[in-house]
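What follows is a set of notes on a single structure, which appears directly below.
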Amino acid sequence: MCIKNADKNDFETAFHFIESLWTYNEYDKEKTRLVYERVLDNPDTFAFFLIDENGEYLGFCHGDYFDTFWMCGKTCYISSLITKEEHRGKGYGIQLMNHAKALAKEQGCRAMILDSGIPRTGAHHFYETYGFEKSCYGFELILDQ
Numbered sequence: 000m001c002i003k004n005a006d007k008n009d010f011e012t013a014f015h016f017i018e019s020l021w022t023y024n025e026y027d028k029e030k031t032r033l034v035y036e037r038v039l040d041n042p043d044t045f046a047f048f049l050i051d052e053n054g055e056y057l058g059f060c061h062g063d064y065f066d067t068f069w070m071c072g073k074t075c076y077i078s079s080l081i082t083k084e085e086h087r088g089k090g091y092g093i094q095l096m097n098h099a100k101a102l103a104k105e106q107g108c109r110a111m112i113l114d115s116g117i118p119r120t121g122a123h124h125f126y127e128t129y130g131f132e133k134s135c136y137g138f139e140l141i142l143d144q
């Protein structure tokens, strides 16, 4: 297994992971490509893949670092942690999370946070087993464009 930092040539693979997690959302591929490229160009973000020894992409992780008053310092927000459904339960999510945690520590983050859709109870179990605690309710407000 190895971790590969995402690059612009990996967009198709990243897009497949993104679509597979949020199946209730419709994605404009070109808009998603622009977001992906901005993520890769931003020094306050990270994006990487877990790849097996045969070159198969098994998982994808993306997050951001930002200052918060809550932590009185830097916080790491995991916005995407995705493993292929057929490979879940094999420890790949742990490997992705461990790498994200190492990056967060290198950045001097005081905490890692994430949110997860209400129906994703399997993911909630994974996060709690990893050591995350439920700490808040998440809310969103979709803005008209």
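Using numbering that gives the first Met the number 0, the first residue of the sequence shown is number 0, and each one after it goes up by one.
From the three backbone atoms N, C-alpha and C, an ideal C-beta is built for every residue, glycine too.
- Per the coordinates, the alpha-carbon of F14 lies some 15 Å from the alpha-carbon of E55.
- A straight line joining the alpha-carbon of F59 with that of L49 spans about 6 Å.
- Taken in chain order, the complete alpha helix (DSSP H) segments of 4 or more residues contained in the segment 82-124 are 91-105.
- When the Cα atoms are used, G90 and M96 turn out to be separated by approximately 10 Å.
- Residue pairing from DSSP places I77 in a beta bridge opposite G62, L113.
- Classified as buried, V38 has 16 or more neighbouring CB atoms from the shown chains inside 10 Å of its CB.
- Here DSSP, grouped into helix, strand and coil, assigns N4 to strand.
- For L142, the secondary structure class from DSSP, reduced to helix, strand or coil, is coil.
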